[in-house]
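In the working numbering, the protein residues as written are 8 to 419.
Below is one structure; the comments refer to it alone.
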């Protein structure tokens, strides 16, 4: 779980991010998604919530004020940390939380285990915490500095055996640091040198246990892997398993630069969590944990999306490229959403929805994925999130672009 309300931990699907432009040149490819279906019966209303003058950083959705209402948070609108609330027919209410902070990544979650959600923002090597007092936002407090290098991902979840939430911050050197807030504080920090980045916390094996999922390279042959970390509490305390090993399309990229997003969720809408990975060409692959008597293994499923080679924009630190969850008109069935470069126009990014079928319109017995286009995200879209900003059950799709647009797609 990348972020979310302390009272709705199972619904956490928020992704964090931001990045240095120098690193962008080397590690940022944006998927070009080819082929797919159109659905004329679905009408999506597109609304630009806000537009800054330059790179906006990541966005997050959650109950940041602990009042039961979801809001949208942007890490850096013209350099400011901003909150947006839906006002009904009056549109969007914009509140500037902090001026000139220029954060890159952002997430919301219960980092202190006190029943409250907090706002976490990061830039370069620093992680900050803010909270809503009931009347105002606190001044950002520095809670962690990553040694020697920039932070890439920050996630929150109850991974350890004691069930308490902890913050996991990973950097460009593929190091993970665990932050725990004991009663009375302050935060305690423990290094986890596991040669990987932590992208998600979820029940990936469908066994009730939360684990950490991410990408990294084998320390010996440098082959890229999707990894799973399970807390066992022994010595060593973490068990690291490889879900997949593959050959990178860009083996000369340094570190984890060519290792792309990993997310866990019920992508097929059948009640089973699976692990999803996007590679450096925009393909999305699926993996299911399978138990066979006394043994178990990870099995691959049909490819969700097949990209064509194309350059664009993707900033690891600004957030994950795809989201998993239901749509407003069909709240019981999850789907996968991704922002991708248009097949015919490399300067225009679009949001796509992928639905899994085991019958028509799928013509093969093993099932397949079908795509519809939601709408134009903007020039070089970065990440996609789902949220109920307009009220309970009113699920919308929210995206941010490199040019500073924050966009909503709402199903009519």
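A virtual CB, placed ideally from N, CA and C, is assigned to each residue, including glycine.
Predicted model only: the values in this text are computed from it and were never measured.
Starting from residue i, follow its DSSP beta bridges and name the residues at the other end.
i: residue 238; result: 245
i: residue 154; result: In the DSSP output, where bridge partners are listed per residue, residue 154 has none listed.
i: residue 144; result: 139
i: residue 333; result: 341
i: residue 293; result: 283
i: residue 387; result: Partner(s): none; residue 387 has no beta bridge.
i: residue 166; result: None; residue 166 has no bridge partner.
i: residue 356; result: 348 and 385
i: residue 127; result: 114 and 136
i: residue 67; result: 80
i: residue 171; result: In the DSSP output, where bridge partners are listed per residue, residue 171 has none listed.
i: residue 221; result: 205 and 234
Let me make sure I understand the geometry here. Which of the options has the alpha-carbon closest to that of residue i?
i: residue 61; options: 83, 78, 51 and 292; result: 83
i: residue 157; options: 183, 137 and 146; result: 183
i: residue 395; options: 380, 305 and 332; result: 332
i: residue 374; options: 115, 275 and 268; result: 275
i: residue 410; options: 400, 299, 399 and 389; result: 389
i: residue 237; options: 361, 78 and 199; result: 199
i: residue 360; options: 384, 372, 371 and 370; result: 384
i: residue 103; options: 146, 134 and 115; result: 146
i: residue 285; options: 294, 268, 277 and 295; result: 268
i: residue 100; options: 111, 77, 110 and 113; result: 77
i: residue 71; options: 294, 112, 110 and 127; result: 127
i: residue 75; options: 397, 408, 134 and 413; result: 397
i: residue 172; options: 371, 155 and 117; result: 117
i: residue 292; options: 245, 376, 338 and 340; result: 376
i: residue 113; options: 64, 206 and 97; result: 64
i: residue 134; options: 306, 148, 143 and 295; result: 148
Secondary structure at residue i, three-state DSSP: helix, strand or coil?
i: residue 412; result: strand
i: residue 96; result: helix
i: residue 50; result: coil
i: residue 279; result: coil
i: residue 191; result: coil
i: residue 267; result: coil
i: residue 251; result: strand
i: residue 381; result: strand
i: residue 105; result: strand
i: residue 214; result: coil
i: residue 91; result: strand
i: residue 207; result: strand
i: residue 286; result: coil
i: residue 201; result: coil
i: residue 302; result: strand
i: residue 37; result: Note that residue 37 has pLDDT 46, beneath the 50 cutoff, so the model's placement of it is unreliable and the number below is only indicative. The answer is coil: DSSP assigns residue 37 none of H, G, I, E or B.
i: residue 61; result: coil
i: residue 134; result: strand
i: residue 81; result: strand
i: residue 176; result: strand
i: residue 227; result: coil
i: residue 310; result: coil
i: residue 406; result: strand
i: residue 161; result: strand
i: residue 418; result: strand
i: residue 394; result: strand
i: residue 272; result: strand
i: residue 369; result: coil
Using C-beta distances below 6 Å, list every residue in its chain close to residue i, excluding the 5 sequence neighbours before and after it, in chain order.
i: residue 50; result: 419
i: residue 230; result: 252
i: residue 108; result: 88
i: residue 224; result: 231
i: residue 169; result: none
i: residue 153; result: 132 and 178
i: residue 85; result: 59 and 60
i: residue 235; result: 218, 220, 248 and 250
i: residue 197; result: 185
i: residue 90; result: 78, 80, 102 and 104
i: residue 136; result: 125, 127, 148 and 150
Tell me which residues share the same chain as residue i and place their Cβ nearer than 7 Å to its Cβ, disregarding the 5 neighbours each side in the sequence.
i: residue 290; result: 310, 312, 313 and 314
i: residue 217; result: 164, 165, 166, 208, 209 and 210
i: residue 280; result: 209, 210, 211, 213, 271, 272 and 273
i: residue 382; result: 51, 53, 357, 358 and 416
i: residue 304; result: 297
i: residue 73; result: 123, 124 and 139
i: residue 399; result: none
i: residue 119; result: 125 and 188
i: residue 106; result: 87
i: residue 278; result: none
i: residue 202; result: 181, 223, 224 and 226
i: residue 93; result: 99, 396 and 397
The ligand ATP and residue i: does the residue's C-beta get closer than 6 Å to at least one heavy atom of that ligand?
i: residue 419; result: Looking for the ligand ATP in the displayed structure turns up nothing, as the structure carries no ligands at all.
Using a Cβ-Cβ cutoff of less than 8 Å, which residues in the same chain neighbour residue i once the five nearest sequence positions on both sides are dropped?
i: residue 335; result: 400, 401, 402, 403, 417 and 418
On the three-pair Cβ rule with 8 Å, is the region 337-346 touching the region 392-405?
Taking 8 Å as the limit for Cβ pairs, the verdict is that the region 392-405 does touch the region 337-346.
Any 3 or more C-beta pairs closer than 8 Å across the region 359-372 and the region 299-307
Contact between the region 359-372 and the region 299-307 is absent, because fewer than three Cβ pairs lie under 8 Å.
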